[in-house]
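Asks: Quick one: this structure, given as structure tokens, is what I'll be asking you about.
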């Protein structure tokens, strides 16, 4: 019963943060890409400042300890990032990179990684750890944030695409939870998350430059994404289970 309550409270908390980002993004007068970056930055920085003021920031354990250990455990994440780059070569070559574009690409993905890891691993995972073993805490926290991605249906008719995001987010959430638990360091998880998002964000950046029709995700694309990200779940599950015995 306690876990159900925590799950619901965590889900509502994430929903409110995402709603705040959406509202701020709608108010801003810039492009959708810029609006999203600014809104994400405002909410993320506000959340971090709140944690600092309330003396809760140190519990996130953002430091330089065990960085190499985190990257070693997350080697599969780095392999996924390389695969993203290889599959995006044509898109990358077609983009006219400027300082502004590179900066916005870096800042957007950094803010996404910072926001998601502070909320999902730094706050929610730690909250579930108070009355659960590491495996259950990883499963619950990953599920909360995965389900929150269903809100993407409010602005995207691509149900298969959103469902793919939900499953993908749940899978990678498990390995991120394991890395965080094994290293006691959120920074390594943020950097890995940033690297993965950065290497998969070129198609979105290309869409900013050109007007394209809205495509839908095929069932084949969904299966490929699930199969590629499945090892993240397996690795995370195995590592967290070892610490839960």
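Residue numbers (the working numbering): 130 to 374. Cβ atoms here follow ideal geometry from the backbone N, Cα and C, with glycine treated the same way. The model shown is predicted, which means the values in this text are computed figures rather than measured ones.
#1: Going straight from the alpha carbon of residue 364 to that of residue 158, what length do you get?
#2: Exposed or buried, which one is residue 202 when buried takes at least 16 other CB atoms within 10 Å?
#3: Applying the 10 Å Cβ sphere with the 16-neighbour rule, what's the burial state of residue 213?
#4: Just to check my reading of the structure: residue 275 and residue 293 have Cβ atoms closer than 8 Å, yes? What is that Cβ distance to the nearest angstrom?
#5: Mark residue 229 as exposed unless 16 or more other C-beta atoms lie within 10 angstroms of its C-beta, in which case mark it buried.
#6: Using only CA atoms, which one of 208, 277, 265, 136 lies nearest to residue 371?
#7: What residues in its chain sit with their C-beta under 8 Å from that of residue 338, if we drop five residues either side in the sequence?
#8: Since residue 132 and residue 269 are thought to touch, with beta carbons under 8 Å apart, how far apart are those beta carbons, to the nearest angstrom?
#9: So, under 8 Å CB-CB, residue 208 and residue 327 are touching, yes? Tell me the CB distance rounded to an integer number of Å.
#10: Report the rounded CA-to-CA distance for residue 250 versus residue 273, giving the unit in angstroms.
#11: Looking only at C-alpha atoms, which of 312, 184, 181 sits nearest to residue 195?
#12: Can you look up residue 145 in the DSSP assignment and give me helix, strand or coil?
#13: Can you tell me whether residue 148 is buried or exposed, with buried defined as 16 or more other CB within 10 angstroms of its CB?
#14: For the alpha helix (DSSP H) that residue 177 lies in, which residues bound it at each end?
#15: What residue from 374, 283, 232, 296 has the CA that sits closest to residue 263's CA?
#16: Give the straight-line distance between the Cα atoms of residue 332 and residue 217, rounded to the nearest whole angstrom.
#17: I'd like the list of long-range same chain contacts for residue 357, defined as Cβ closer than 8 Å, with 5 residues on each side in sequence excluded.
#18: From the DSSP output, in three-state form, read off residue 204 for me.
#19: Residues in its own chain within less than 8 Å of residue 144 by CB, not counting five upstream and five downstream?
#20: Counting C-beta neighbours from all protein chains within 10 Å, is the total for residue 348 16 or more, i.e. buried, or is it exposed?
#21: State buried or exposed for residue 185, treating a residue as buried only when at least 16 other CB atoms are found within 10 Å of its CB.
Replies: In short, the structure shows the following:
#1: Indexing the chain shown from 1 puts residue 364 at position 235. Indexing the chain shown from 1 puts residue 158 at position 29. Between the alpha carbons of residue 364 and residue 158 lies a distance of about 43 Å.
#2: For this step, residue 202 is matched to residue 73 along the chain shown. Of the residues assessed, residue 202 falls on the buried side of the cut-off, its CB having 16 or more other CB atoms within 10 angstroms.
#3: Looking up residue 213 in the chain shown gives position 84. Residue 213 is buried by the Cβ-count criterion.
#4: Counted from its first residue, the chain shown places residue 275 at position 146. Counted from its first residue, the chain shown places residue 293 at position 164. Approximately 11 Å separates the beta-carbon atoms of residue 275 and residue 293; this is outside 8 Å, ruling out the contact.
#5: Reading the chain shown from its first residue, position 100 is the one you call residue 229. Of the other Cβ atoms in all chains shown, fewer than 16 fall within 10 Å of the Cβ of residue 229; this residue is therefore exposed.
#6: Indexing the chain shown from 1 puts residue 371 at position 242. For the residues 208, 277, 265, 136, the minimum Cα distance to residue 371 belongs to 265.
#7: Position 209 of the chain shown, counted from the first residue, corresponds to residue 338. Only weak support exists for where residue 338 lies, its pLDDT of 49 falling under 50; the value from the coordinates is given anyway. The beta carbon of residue 338 is closer than 8 Å to those of 224, 225 in its chain, skipping five residues each way along the sequence.
#8: To locate residue 132, count along the chain shown from 1; it is residue 3. To locate residue 269, count along the chain shown from 1; it is residue 140. At roughly 6 Å, the Cβ-Cβ gap stays under 8 Å, so residue 132 and residue 269 are in contact.
#9: Start at 1 with the first residue of the chain shown, and residue 208 comes out as number 79. Start at 1 with the first residue of the chain shown, and residue 327 comes out as number 198. Between residue 327 and residue 208 the Cβ distance is about 15 Å, and since that is not below 8 Å, they are no contact.
#10: In the chain shown, residue 250 corresponds to position 121, counting from 1. In the chain shown, residue 273 corresponds to position 144, counting from 1. One alpha carbon belongs to residue 250, the other to residue 273, and they sit about 11 Å apart.
#11: Here residue 195 is taken as the residue at index 66 of the chain shown, counted from 1. Comparing alpha carbon positions, the residue from 312, 184, 181 closest to residue 195 is 312.
#12: Sequence index remark: in the chain shown, residue 145 carries index 16 (1-based). Residue 145: helix per DSSP, three-state reduction.
#13: One-based indexing of the chain shown puts residue 148 at position 19. Answer is exposed; the Cβ neighbour count stays below 16.
#14: Within the chain shown, numbered from 1, the residue matching residue 177 stands at position 48. Element bounds for residue 177: 161-182.
#15: By 1-based counting over the chain shown, the position of residue 263 is 134. The candidate whose alpha carbon is nearest that of residue 263 is 374.
#16: By 1-based counting over the chain shown, the position of residue 332 is 203. By 1-based counting over the chain shown, the position of residue 217 is 88. Cα to Cα, residue 332 sits roughly 8 Å from residue 217.
#17: For the purposes of this step, residue 357 is taken as residue 228 along the chain shown, with counting starting at 1. So the list reads 209, 212, once near-sequence residues are dropped.
#18: For the purposes of this step, residue 204 is taken as residue 75 along the chain shown, with counting starting at 1. In this structure, residue 204 counts as helix in the three-state DSSP scheme.
#19: Counting from one through the chain shown, the residue named residue 144 turns up at place 15. Here the set comprises 277, 280.
#20: As a first step, residue 348 is located in the chain shown; it is residue number 219 there, counting from the start. Classified as exposed, residue 348 has fewer than 16 neighbouring CB atoms from the shown chains inside 10 Å of its CB.
#21: Locating residue 185 in the chain shown gives position 56, counting from the first residue. A residue is called buried when at least 16 other Cβ atoms come within 10 angstroms of its Cβ; residue 185 does not meet this threshold and is exposed.
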